[in-house]
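Notes follow once the structure below has been shown.
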Amino acid sequence: MNRFTFFSILLHLLLFGTIALSSKNSFKSIPKFEVYKVSLAPLPQPKISGVPEAAIEPPAIKEPEKKIEEKKPPEEKSVVKKDTRETKRTKETKKTKETKKGLPDGLPDIRPQIYTGSGREFKYSYYLNILLNKIGQNWNNPYKEKDVILKSIVYFEVDKNGVISNIRIEEDSGDEIYNESTIRAVALTKKLPPLPEEFSDDYLKVHLEFLTAK
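Residue numbers (the UniProt record's numbering): 1 to 214.
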């Protein structure tokens with residue numbers, strides 16, 4: 001073996017040794033890691049409701065109730081009294097208008113209240129005018145234009161032919177002379193014209209009021 005071969009072998013050994021050392025360093029042990037097994041629970045799924053929840057409204061504020069004061073009804077007594085007076089006045093006015101309707105002037109002291117035998121109203125004012133005129137001409141009022149207030153009512157009947165009968169005092173004046181004067185006025189008249197043909201009753205009932213005043 002020559003020197004050249006020896007050096008070549010030595011060089012190769014050194015080369016292989018270097019390569020072996022470097023390989024050993026590169027293959028170092030990998031550090032161990034501890035592995036822990038962890039099981040994760042599934043997260044709860046959010047609830048999905050098909051109907052949306054109604055919004056909560058704040059409670060309504062109640063307004064304080066206003067007390068309504070009841071008005072006391074007016075006293076009935078005064079109203080009733082007033083109504084009674086008004087009714088009375090109306091009736092009196094109506095009665096006066098009816099009795100004075102169609103009456104002749106100049107006989108304010110004689111007022112007729114006429115009732116028919118059947119209760120129907122006697123509507124023939126012209127006949128009443130004749131009746132009052134005739135009786136008024138025969139009445140001699142003993143207290144005319146004197147400070148005396150007297151009233152009497154004389155009842156009598158007139159048949160279809162106009163004959164007066166059944167004369168009597170229906171309301172006494174309290175004065176005999178005055179009563180006699182009123183009866184005499186009717187009695188002296190005796191007869192009136194026949195009753196109107198349209199009047200169907202057999203006779204006419206007359207309540208004749210004689211009044212004397214200031």
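Even glycine gets a Cβ: it sits at the ideal position worked out from N, Cα and C.
Close Cβ partners of residue i (< 7 Å) along its chain, the five nearest in sequence each way excluded
i, result
"residue 173", "150, 151, 152 and 179"
"residue 130", "192 and 193"
"residue 19", "none"
"residue 175", "150"
Short Cβ contact (8 Å threshold) for residue i with residue j
i, j, result
"residue 154", "residue 189", "no"
"residue 186", "residue 169", "no"
"residue 142", "residue 177", "yes"
"residue 162", "residue 128", "no"
"residue 199", "residue 124", "yes"
"residue 157", "residue 206", "yes"
Helix, strand or coil at residue i according to DSSP, with G and I counted as helix
i, result
"residue 134", "helix"
"residue 128", "helix"
"residue 169", "strand"
"residue 95", "Legend: pLDDT at residue 95 = 44, less than 50; position of this residue unreliable, value from coordinates given subsequently. Correct three-state label for residue 95: helix."
"residue 149", "coil"
"residue 122", "coil"
"residue 198", "coil"
"residue 192", "coil"
Proximal residues to residue i (C-beta, below 8 Å), its chain only, five neighbours per side dropped
i, result
"residue 135", "110, 185, 186, 189 and 208"
Contacts around residue i, its chain only, beta-carbon distance under 6 Å, and the 5 residues preceding and following it disregarded
i, result
"residue 159", "203"
"residue 139", "185"
Beta-bridge partners of residue i, as assigned by DSSP
i, result
"residue 15", "Answer is none; residue 15 lacks a bridge partner."
"residue 159", "203"
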